[in-house]
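Asks:
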Amino acid sequence: MRRQLEGSRAIAEAVARCRPQVVPAYPITPQTHIVEAIGAMVRNGSLAGCEFLTVESEFAAMSAAIGASAAGARAYTATASQGLLYMAEALFNASGLGLPIVLTVANRAVGAPINIWNDQSDSMSQRDCGWVQLYAADNQAAVDLHVVAFALAEELSVPVMVCVDGFVLTHAFEPLEVPEQDAVDAFLPPYAPRQVLDVDDPVAIGAMVGPEAFTEVRYLSHYQLSQALTAYPQLCDGWQRPLSMVDAYRVDGADTVVVTLGSVSGTVKEVADEFGNVGVVTLTMFRPFPYAEVRKALGAAKRVIVLERALAPGAGGIVSADVRAALSGTLAEVSTVVAGLGGRAVTRAALRRLVADAMSGWLGERLVFLDLRDDLVEQQIDRMRQRRASGPHALGLLRDAGIPGSRIG
Amino acid sequence: MAVQSVKFYQVGSRAVGNRLLEEALRTEQASPARRNALNSGHRACQGCGEALGARYVLDAAVRATGGKLLAVNATGCLEVFSTPYPESSWQLPWLHSLFANAPSVASGVAAALKAQGRDDVRVLAQGGDGGTVDIGLACLSGMFERNDDVLYVCYDNEAYMNTGVQRSGSTPPFARTATTEATGPEPGAPIGQGKDLPRIALAHEIPYVATATVAELHDLEAKVERAMTMRGARYLHVLVPCPLGWGSAPADTVRLARLAQRSGLFPVFEASHGEITAVLPIRSRVPVAEYLRPQRRYAHLFAEPPRIDLLERIQAIADRNIGRYGLQEA
């Protein structure tokens, strides 16, 4: 049954139907509505058999999830931005221990400067933490991906991060279908851990490992994570709605293809429709990276534009590095376009100009920042040249832009 | 193993031989049936107070729970010396995650047990002073204030011993560590209030807070036993001398723990919901110098000329403890 629901509410209901047993929660915008809704369901009894812990930090939230998972319980939590970074040490630990925790990341920029709006800097910064990373292109996918995430995590004993664009998806109301309890129960068997703290069968989990076996343990993490490339499509085949690993749109015969992740995909597809000869490839799975599927989807494209919602300072693209590796040996030109940082709208007009620049051959393999205010950055660079004490960037830029309230006194 | 009846001579009134006691009053360590939760073969240093303390505590907790105990361990000496892969000294289910998060991990384990309806299985978390009073304090405070059903045990050896003896928030004044050199007008660790975690635990008004040392086995075991009869957040702070970090003889570990208590520098008490309910009285008080002198970390206080002024300041701390907790036996 389709209902008009907020993305966060729908995600919370989907998670609840996965029957989590322990949900440690710590608030952070724009994730908070998800754990609020789960907390309410635990309190009113509609989510039975679940312990909801209001912990003191994201680090504690992931740590409690680790303890719960090792004790054989299905564990879930949600976070964003600074919170994800604050739990970084525990993220690596959860994957290293092979604990199938599911985490929602309501994607948000990472400071400084502090910014609560959407981009994907947070989850991209945790690219190598050993978790499966799935990116939702819309809220229905976000709902469905959570159910698949629990099944995938528990089948492989690897943790799964479902990345959902903050505000754009988490706070958007739209008609959504939350799967019925029966459907989820039929799809997701009870958690059968590979390792568990059991008084009748004692094991030591988290032993120290030296050079004699550390590489092998790490290899097995890589091996298990890579199994998601086959396990995920198989699980999706058994799900009630289609879910992609790599979604290819209008790529047949397209010389120019835009690669992206998350909710911006919808806007890019609209622009592709206008052009008619431009394809769009949307990655749902980013870790493990589906090299073969990306290479196949990009087929015979001559120009590949990787639209990134994050930045690797000093290098440029994060996703584009992997796309280039996937296309190695082909003649395709791959450009890196950093777009929509800290909630800046990625507009159809800007995308039209971008595609035109690509088609004209100007874009080539450049690194560009979509809609960058060149005037502002040049003024600040100039200020730094002229004055040693040039002050904080944020203050200078806001003043130059004439933002009210940027001047103290 | 059959229990052999051995006649011991009593030494004064202060060293009741364990085997002179009725069987029911003997320590778990004297029992042939003890779990030996931290089994032999581990790689702790000779005379390690923490290894002793952990075995005492866990064996008592295993007995108190009828063997239904899960342990969570912070990173530190105890974790490193007990589980060099692929060996493990732990004779119970044991989980190590990170340095700072043992209390939160234990909260998660307790929550999982509750969700699974396993109220027969209990959780004990343990760490050193670094993992407890410094890097893990936020997680520990959260575990306390939520009153999660965990007994947390801190084995306090008063510095970061695993990384090579650096100062922690639990390092006492004027002690030499690798980051508080014994030079200058106030050599060693700076003097101040320090971080008195038992008192911080008291402020949370959790069901049970106690301190103990590895010198008083009956007292330590009784406290573990008592803690395991309760539900909710409980805290046990055990002083465990470290021959490596303190510069003491391995054979002196138990003696130093006893002197720490008898000098008043380490008050031994227990408390319920924030109120002190009992103390281990000092029967024959010793000046702090007697406790400090055998430790090379205080050697600079006893050089020529001795730093009487600094010793007096340490003595003042002991005197304050004795007054505050009413430790002096009448």
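Residue numbers (the numbering used here), protein chains in the order written: chain X, 1 to 409; chain B, 410 to 739. By construction, the Cβ of each residue, glycine as well, lies at the ideal position given by its N, Cα and C atoms.
With distances taken between CB atoms, is the gap from glycine 537/B to asparagine 566/B smaller than 9 Å?
Replies: Yes, the Cβ-Cβ distance between glycine 537/B and asparagine 566/B is below 9 Å.
Asks: Should proline 493/B be flagged as near chain X, meaning a C-beta pair shorter than 9 Å?
Replies: Judged by the 9 Å Cβ criterion, proline 493/B is in contact with chain X.
Asks: Which residues in chain B have a C-beta closer than 9 Å to the C-beta of isoleucine 205/X? List them in chain order.
Replies: Those within 9 Å of isoleucine 205/X in chain B are Pro502, Trp503, Leu504, His505 and Ser506.
Asks: Would you please verify whether the beta carbon of glutamine 525/B is less than 9 Å from any beta carbon of chain X?
Replies: Chain X, which has a Cβ nearer than 9 Å to the Cβ of glutamine 525/B, makes this yes.
Asks: Report yes or no: is there a C-beta of chain X within less than 9 Å of the C-beta of serine 422/B?
Replies: Because the pLDDT at serine 422/B is just 48, under 50, the model does not fix this residue reliably, and the point stays unresolved.
Asks: If we cut at 9 Å on Cβ distances, does methionine 208/X have a partner in chain B?
Replies: Answer yes: the Cβ-Cβ gap between methionine 208/X and chain B drops below 9 Å somewhere.
Asks: Do glycine 67/X and serine 221/X have their CB atoms nearer than 9 Å?
Replies: Contact: no.
Asks: Taking the CB atoms as reference points, tell me whether glutamate 36/X and alanine 12/X lie closer together than 9 Å.
Replies: Yes, they are a contact pair.
Asks: At the level of alpha carbons, what is the spacing between tyrosine 191/X and glutamine 525/B?
Replies: Roughly 12 Å between the two C-alpha positions.
Asks: Using a cut-off of 8 Å between C-beta atoms, extract the partners of leucine 478/B located in chain X.
Replies: Per Cβ cutoff of 8 Å: Val199.
Asks: Establish whether the CB of asparagine 510/B and some CB of chain X are separated by less than 9 Å.
Replies: So yes, asparagine 510/B belongs to the interface.
Asks: Among Gln31/X, Met1/X, Val23/X and Arg373/X, whose alpha-carbon lies nearest the alpha-carbon of glycine 7/X?
Replies: It is Gln31/X whose Cα lies nearest to the Cα of glycine 7/X.
Asks: Which residue from Ser125/X, Leu91/X, Ile28/X and Ser46/X puts its Cα closest to that of glutamate 308/X?
Replies: Cα-wise, what sits closest to glutamate 308/X is Ser125/X.
Asks: Please check if any C-beta of chain B sits within less than 9 Å of the C-beta of glycine 409/X.
Replies: Residue placement at glycine 409/X is poorly supported in this model, since its pLDDT is 48, which falls under 50; the coordinates still yield a value, given next. With 9 Å as the cut-off, glycine 409/X does not count as an interface residue toward chain B.
Asks: Counting beta carbon pairs with one atom in the region 229-248 of chain X and one in the region 105-116 of chain X, are three or more of them shorter than 8 Å?
Replies: Contact fails: fewer than three Cβ-Cβ distances are below 8 Å.
Asks: I need the straight-line Cα distance from aspartate 375/X to aspartate 382/X, nearest angstrom please.
Replies: In a straight line, the C-alpha of aspartate 375/X is about 10 Å away from that of aspartate 382/X.
Asks: Taking a Cβ distance cut-off of 9 Å, strictly less, list which residues of the region 551-582 of chain B are near chain X, in chain order.
Replies: Flagged, chain order: Gly551, Met552, Glu554, Arg555 and Asp557.
Asks: What span of residues does the beta strand (DSSP E) with methionine 161/X cover, start to end?
Replies: Looking at the DSSP string, the run of the beta strand (DSSP E) that includes methionine 161/X is 160-165.
Asks: Which residues bound the beta strand (DSSP E) around leucine 367/X?
Replies: That run of the beta strand (DSSP E) goes 367-369.
Asks: Under 8 Å, CB to CB, which of the residues in the region 89-116 of chain X have a partner in chain B?
Replies: Per Cβ criterion, the list reads Glu89, Ala90, Asn93 and Leu97.
Asks: How should glycine 462/B be labelled, buried or exposed, when 16 other C-beta atoms within 10 angstroms of its C-beta is the threshold for buried?
Replies: Buried, by the Cβ-count rule.
Asks: Should the region 242-253 of chain X be regarded as contacting the region 284-297 of chain X, the criterion being three or more beta carbon pairs within less than 8 Å?
Replies: Short answer: they touch.
Asks: Round the Cβ separation of glycine 551/B and glutamate 56/X to the nearest angstrom and send it over; I've been treating them as touching at under 8 Å.
Replies: Glycine 551/B to glutamate 56/X, Cβ: 4 Å. Contact.
Asks: At the level of alpha carbons, what is the spacing between phenylalanine 52/X and serine 81/X?
Replies: When rounded, the distance between both Cα atoms is 22 Å.
Asks: Are the C-beta atoms of serine 57/X and some chain B residue less than 9 Å apart?
Replies: Cβ-Cβ to chain B under 9 Å: yes for serine 57/X.
Asks: Looking at the structure shown, is arginine 702/B part of a helix, part of a strand, or coil, going by DSSP?
Replies: In the structure shown, arginine 702/B sits in coil (DSSP, three-state: anything other than H, G, I, E or B).
Asks: Secondary structure at tryptophan 655/B, three-state DSSP: helix, strand or coil?
Replies: Three-state result, tryptophan 655/B: helix.
Asks: Could you tell me whether any Cβ in chain X is nearer than 9 Å to the Cβ of serine 449/B?
Replies: So no, serine 449/B is outside the interface.
Asks: Of the choices Met285/X, Ser328/X, Val22/X and Tyr135/X, whose alpha-carbon is the least far from that of alanine 61/X?
Replies: Closest option to alanine 61/X, Cα to Cα, is Val22/X.
Asks: Using a 10 Å radius around the Cβ and a threshold of 16 neighbouring Cβ atoms, would you call threonine 589/B buried or exposed?
Replies: So threonine 589/B ends up on the buried side.
Asks: Please confirm whether any heavy atom of the ligand SAH lies closer than 8 Å to the CB of tyrosine 223/X.
Replies: Absent from the structure shown: the ligand SAH. Ligands present: none.
Asks: Please determine, among Gly342/X, Ser69/X and Arg352/X, the residue with the shortest C-alpha to C-alpha distance to threonine 267/X.
Replies: Closest by alpha carbon: Arg352/X.
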